[in-house]
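Trainee: Numbering (the numbering used here), first residue to last: 206 to 841.
Written out as structure tokens, the structure reads:
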């Protein structure tokens, strides 16, 4: 025997223990879903065998009749779910059942509230189907053998759902996995064939594999159903997406989504269509109600299952959906692709490209329908996936206009952080003579809302879009116009309000520039290479100064973000604009003392830097100068 054949006791990862406790308490009111989850796992195991079997037929071990078997033993009070899918090796059991190796695990546990109803949604969202067995079982035994390994490489995993589990090497003649539930007291209803069939037809009718049970016949002498030796298939065992739409109920669509997405909640929306013509394929695509915890894990693959003529080919076929649509779940079934297709072939297939283009259009149409006709649902979508959709502006040039119409923002129209303003809304409210869509970027909503760059816009009642998410800087670098209107940052380049400024205002600005030229030159001399230029401004009404990036330079916000991410960023020297009407600027203009003028100039620059969320190079120097000026003012 090898060193692996011994029986050992291992401790669960702390998160697994916590999760099982939550499962038992939070999901008990809907406990029958455990069977759906275990059947889905069995189905996935068979799908994986089919995929690996494309390149290694020996894995089938002369048994290609894939099925899932449900059985129960009244005397032993056990319920078993068995499959002849891919199975697991010893290391895979430890990896898949003893630990949760998921991105976002820490955030998941931090988000739990203690409210069982709310937490049950989060648990479903996290996708941990196997542990749901402990809702109805006080002990679970899992016996498995990976396809391709010999019978002595079977593995028996067993746990009472507490702090640890045992692992033992056993002999297993057949490949696949048996999950045996030792039922808790009070769960005897699950020892009924009729009850089990009802749960299967309710939650798992759409599974494409046959789910088989032994037939039962009525025994007059015993006055009860008796199990026979004959198998019967409980579910329809055909592809739900291949059925005519008018034969599928909404409940069936939703249950299929829960299976394919491993989600506990119904989807937000779905689209089901058959494409015919040069290519033939069927799409059944879903938008989830909530974002999964690994949405931002770049290693996480997409959620599309690829089938060819109803035969499962691969999971998470990323070639079928762009990265910015990684939230989409569902299946695509092609009638044209060869069954031996590989991921490498998919990357260079014109058929795949056409299916991807068609699928993206379907998802965009689904989102457009939500935005137009189901505004509350779209608000939910935007809250969960808006940041991801924004990525599409730069990733998908051919659909940029459609994506732009789906974007939602906060703006000065309401001054709240609710992102419910579309670009079409903005354009409809533009002032007469306005030909530019204005926006400001910052690292928080408060910083965007209170940016000094907005002052002239508020005075004139011109709406400004408030952008404060990390992806926004990248997005606006690709979204330079909308509906024929250019998009412009209020904090970059010269501010030309065009027809929104009358001639008298322009004349006044020119006059102030002349009057204050000596001052701006002097401040520039003091600040040196910290600023590219010092000039009077038409942006400010209540602040003394602001910093402005060059039209072609990185914004201050983007520069800070890139530096924080460890990027080498060429430093952009800003322009300092001063407000001639502000008392501080008037005070500096009249300041005779060279040292005091020096201090005022630096305070003006540092204040402008702070007001736009920047960091001071010399905070102590700023405080020292400010204290000195405050003391000087206090003694007068």
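For glycine and all other residues, C-beta sits at the position ideal for the given N, C-alpha and C.
Do residue 352 and residue 291 come within 7 Å of each other at the CB atom, strictly closer than that value?
Mentor: Yes, Cβ-Cβ distance for residue 291 and residue 352 is below 7 Å.
Trainee: Alpha carbons only, please: which of 410, 225, 215 is nearest the one belonging to residue 273?
Mentor: The shortest Cα separation from residue 273 among 410, 225, 215 belongs to 410.
Trainee: Does the distance from the C-beta atom of residue 691 to that of residue 641 stay below 7 Å?
Mentor: Contact flag set, yes.
Trainee: Looking only at its chain, what residues have a beta carbon closer than 6 Å to the beta carbon of residue 263, apart from the 5 residues adjacent to it on each side?
Mentor: Contacts found: none.
Trainee: Does the beta-carbon distance from residue 384 to residue 414 come in below 7 Å?
Mentor: Cβ atoms of residue 384 and residue 414: not closer than 7 Å.
Trainee: For residue 475, which beta-bridge partners are listed by DSSP?
Mentor: DSSP lists 491 as partners of residue 475.
Trainee: Helix or strand or just coil, what does DSSP make of residue 298?
Mentor: Residue 298 falls in the helix class under three-state DSSP.
Trainee: Measuring straight from C-alpha to C-alpha, what distance separates residue 694 and residue 612?
Mentor: Between residue 694 and residue 612, the C-alpha separation is close to 17 Å.
Trainee: Candidates 801, 794, 836, 782: which alpha carbon is nearest residue 812's?
Mentor: Checked all of 801, 794, 836, 782; the closest Cα to residue 812 is 782.
Trainee: Measuring alpha carbon to alpha carbon, tell me which of 368, 301, 341 ends up nearest residue 349.
Mentor: Closest by alpha carbon: 301.
Trainee: Give me whichever residues DSSP pairs with residue 384 in a beta bridge.
Mentor: Paired residues: 286, 347.
Trainee: Do residue 512 and residue 491 count as a contact pair if the criterion is CB distance below 7 Å?
Mentor: Cβ distance not < 7 Å, so residue 491 and residue 512 don't count as in contact.
Trainee: Enumerate in chain order the residues of its own chain whose CB-to-CB distance from residue 381 is below 6 Å, with the five nearest sequence positions on each side excluded.
Mentor: Taken in chain order, the residues that qualify are 288, 289, 290, 292.
Trainee: Are residue 342 and residue 372 closer than 7 Å when you measure CB to CB?
Mentor: No, they are not a contact pair.
Trainee: Could you check whether residue 419 and residue 439 sit closer than 7 Å to each other, using their CB atoms as the reference points?
Mentor: No, the Cβ-Cβ distance between residue 439 and residue 419 is not below 7 Å.
Trainee: Enumerated in chain order, which unbroken segments of the beta strand (DSSP E) with a length of 3 residues or greater are wholly contained in the stretch 527-609?
Mentor: Entirely contained in the stretch 527-609, the beta strand (DSSP E) runs reaching 3 residues are, in chain order, 534-539.
Trainee: Tell me whether the beta-carbon of residue 486 lies closer than 7 Å to the beta-carbon of residue 560.
Mentor: Contact flag set, yes.
Trainee: Between which two residues does the beta strand (DSSP E) holding residue 783 run?
Mentor: Here the beta strand (DSSP E) through residue 783 covers 780-783.
Trainee: With H, G and I counted as helix, E and B as strand and the rest as coil, what does DSSP make of residue 355?
Mentor: Residue 355: coil per DSSP, three-state reduction.
Trainee: Looking only at its own chain, which residues have a Cβ that is under 8 Å from the Cβ of residue 665, when we skip the five neighbours before and after it?
Mentor: These residues qualify, in order along the chain: 636, 702, 705.
Trainee: State the Cα-Cα distance for the pair residue 215 and residue 360, rounded to the nearest angstrom.
Mentor: Whole-angstrom Cα-Cα distance: 14 Å.
Trainee: Helix, strand or coil for residue 923 per DSSP?
Mentor: In the structure as shown, the chain begins at 206 and stops at 841. Residue 923 is therefore absent and cannot be evaluated.
Trainee: At a cut of 8 Å, does the stretch 512-532 reach the stretch 585-599 through at least three beta carbon pairs?
Mentor: Contact between the stretch 512-532 and the stretch 585-599 is present, because at least three Cβ pairs lie under 8 Å.
Trainee: Return the CA-CA distance between residue 720 and residue 710, expressed in angstroms with no decimal places.
Mentor: Cα to Cα, the separation comes out at about 15 Å.
Trainee: Which residues in the same chain as residue 585 place their Cβ atom closer than 8 Å to its Cβ, once the five residues preceding and following it in sequence are excluded?
Mentor: Answer for residue 585: 473, 494, listed in chain order.
Trainee: Go ahead and label residue 306 buried or exposed: buried means 16 or more other beta carbons lie within 10 angstroms of its beta carbon, across all protein chains shown.
Mentor: Reliability fails at residue 306, whose pLDDT of 46 lies under 50, so the model's placement of it is uncertain and no value is given.
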